[in-house]
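Visitor: Using this note's numbering, read the sequence shown as starting at 915 and increasing by one per residue.
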Amino acid sequence: MAPFRFQAMSPAPERANPIIAALALRRPLLMGIVNATPDSFYDGGRHGSADEAIAHAYRLIDEGADIIDLGGESTRPGAAPVAAEEELRRILPVLEAVRGVGVPVSVDTRQPEVMRAALAAGAAMINDVNALRAPGAIDELVGTDASICLMHMQGEPRTMQSAPRYADVAGEVTAFLKARIEACTAAGIDRRRIVIDPGFGFGKRLQDNLDLARALPSLAALAPVLVGFSRKAMIGALTGRAAAEDRLVGSVAAALWAARQGAAILRVHDVAATRDALAVWRQLDGDL
Ligand code: HH2
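Set out below in structure tokens:
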């Protein structure tokens, strides 16, 4: 299959957002994950203090991250929700330290109150694993120029992996994402601000994840697609690596494959390794 090519976009009608502008580039963007949480499934507690999270964000920027995705709530299977005040206490000092360094910051949150404060503090994107379904969430984005990631999740983190069920996972996820795009555009949000994500591991069995991965090219025809495979259980299942620490190579392979399928944004813990792999692949492909 021919490698995916990004189309040049006409100028967005709203004030230029750096992520929308970068999506017009002809390469997948690397989104580096910074979890300012005690309990994320891979990096929980490693950057628990604001200083550690800031240092980690700077490290990922040095390694070549195009976007930093900052989260203050783990959404791993079984995780309990975090109060908005606590989420803000975790993320705001990091956002304030990173927002001015030239790499846009995405905030990974489900809570409208957190979205509002994050946008006021300079977030360039809201990445919502709940696809702006919380009451009032869409309203927080109307009238801003922020990019938005709408992700599919069946159920909610606490219980989502207990019994996921689909008759046609690709069809259902596609229909859900289309409906969420429509809900946003009906509220007045420009479609070019929206990226979509099938939500690997969010209420999905291994086979569901594999079926969805194969639907990436058709999803990419709807909107730019963000893909998050990094160190997840499905990589563990495919490689036999039980520990998230041992899933680097499998994660990089999955990221490359996703890029080949047309992913526009790769959400990864390991920016340097993914960047090197992409650089080699693209140049071997003759795509400089
Ligand atoms: N995965 C996680 C969190 N947020 N957002 C999007 N759009 N897509 C994803 O696949 C995705 C996401 C889970 O990964 P991580 O942030 O490392 O873990 P935790 O939720 O435990 O903090």
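All C-beta atoms in this analysis are idealised placements derived from N, C-alpha and C, irrespective of residue type, glycine included.
With distance defined between alpha-carbon atoms, name the residue in ILE1149, ASP1042, ALA1031, LEU974 nearest to GLU999.
Guide: ALA1031
Visitor: In the DSSP assignment, find the unbroken alpha helix (DSSP H) run with ILE1108 in it and report its ends.
Guide: Looking at the DSSP string, ILE1108 is not in any alpha helix (DSSP H); the run it does join, the beta strand (DSSP E), is 1108 to 1111.
Visitor: Give me, in chain order, the residues of the same chain whose beta-carbon lies closer than 7 Å to that of MET1067; leave out the 5 immediate sequence neighbours on both sides.
Guide: Only VAL1043, ASN1044, MET1074, GLY1113, PHE1116, GLY1117 meet the Cβ criterion.
Visitor: If you reduce the DSSP assignment to three classes, tell me which class ALA926 lands in.
Guide: Note that ALA926 has pLDDT 48, beneath the 50 cutoff, so the model's placement of it is unreliable and no number is given.
Visitor: For VAL1043, verify whether its CB is less than 6 Å away from any heavy atom of the ligand HH2.
Guide: yes
Visitor: Starting from the Cα of ALA1167, find the closest Cα among ALA1157, ALA1034, ALA1156, ARG1189 and give me that residue.
Guide: Distance check between ALA1167 and each of ALA1157, ALA1034, ALA1156, ARG1189 places ARG1189 closest, using alpha-carbon atoms only.
Visitor: Would you mind sorting SER924 into buried or exposed? The rule is 16 or more other CB atoms within 10 Å of its CB.
Guide: With a pLDDT of 44 at SER924, under the threshold of 50, the modelled position of that residue is not reliable, and the figure given next carries that caveat. SER924 should be labelled exposed.
Visitor: Kindly indicate the opening and closing residues of the alpha helix (DSSP H) around ARG960.
Guide: Judged by DSSP secondary structure, ARG960 falls outside any alpha helix (DSSP H); it is assigned neither H nor E.
Visitor: For LEU984, which option in GLY1085, PRO942, VAL1182 has the closest C-alpha, if you only look at C-alpha atoms?
Guide: Of GLY1085, PRO942, VAL1182, the residue nearest in Cα terms is VAL1182.
Visitor: When burial is assigned at 16 or more other CB atoms within 10 Å of the CB, is ARG1128 buried or exposed?
Guide: exposed
Visitor: Would you say ILE981 touches the ligand ADP, meaning its beta carbon is less than 6 Å from a heavy atom?
Guide: This structure does not include the ligand ADP; its bound ligands are the ligand HH2.
Visitor: Below 8 Å, can you find three or more Cβ-Cβ pairs linking the stretch 962 to 971 to the stretch 1092 to 1107?
Guide: no
Visitor: What residue does the beta strand (DSSP E) around MET1039 start on, and which one ends it?
Guide: Run containing MET1039: 1039 to 1042, per the beta strand (DSSP E) assignment.
Visitor: Considering only the beta carbon of each residue, do ALA1169 and LEU1180 sit closer than 7 Å?
Guide: It is a contact, given that the beta carbons lie within the stated cut-off.
Visitor: Does the stretch 1148 to 1158 touch the stretch 935 to 947, meaning 3 or more C-beta pairs lie closer than 8 Å?
Guide: no
Visitor: In the DSSP assignment, what residue or residues form a beta bridge with MET1148?
Guide: DSSP lists no partner for MET1148.
Visitor: With respect to the alpha helix (DSSP H) encompassing VAL948, which residues constitute its N-terminal and C-terminal limits?
Guide: It is not in any alpha helix (DSSP H) - VAL948 instead sits in the beta strand (DSSP E) that spans 943 to 949.
Visitor: For SER1132, count the other beta carbons within 10 Å of its own beta carbon; 16 or more makes it buried, fewer makes it exposed. Which is it?
Guide: exposed
Visitor: ALA1178 and LEU937 look like a contact to me (Cβ under 8 Å); what is the Cβ gap, rounded to whole Å?
Guide: 6 Å
Visitor: So, is LEU1126 buried or exposed, given that buried needs 16 or more other C-beta atoms within 10 angstroms?
Guide: buried
Visitor: When the Cβ atoms of the stretch 986 to 997 are set against those of the stretch 1018 to 1029, are three or more pairs found closer than 8 Å?
Guide: These segments touch.
Visitor: Thinking C-beta only, is GLN1175 closer than 7 Å to LEU1130?
Guide: yes
Visitor: Just the Cα atoms here: how many angstroms apart are GLN1197 and ASP1053?
Guide: 43 Å
Visitor: Closer than 8 Å by C-beta to ALA1156: which residues in its own chain qualify, once you throw out the five before and the five after it? Chain order, please.
Guide: GLY1150
Visitor: What I want to know is whether the C-beta of ILE931 ends up closer than 6 Å to one or more non-hydrogen atoms of the ligand HH2.
Guide: The question names Ile, yet the displayed sequence has Asn at residue 931. Incorrect: ASN931 has no Cβ contact closer than 6 Å to the ligand HH2.
Visitor: Quick one: what's got a C-beta closer than 7 Å to SER1061's C-beta in the same chain, skipping five residues either side?
Guide: ASN931, ILE933, ILE934, ALA1038, MET1039, ARG1107, VAL1109
Visitor: To the nearest angstrom, report how far apart ARG1105 and THR1099 are at their CA atoms.
Guide: 6 Å
Visitor: Please give me, in chain order, every unbroken run of the alpha helix (DSSP H) with length at least 4 that falls completely inside the stretch 1110 to 1143.
Guide: If we require 4 residues or more, the alpha helix (DSSP H) runs fully inside the stretch 1110 to 1143 come out as 1120 to 1128, 1130 to 1134.
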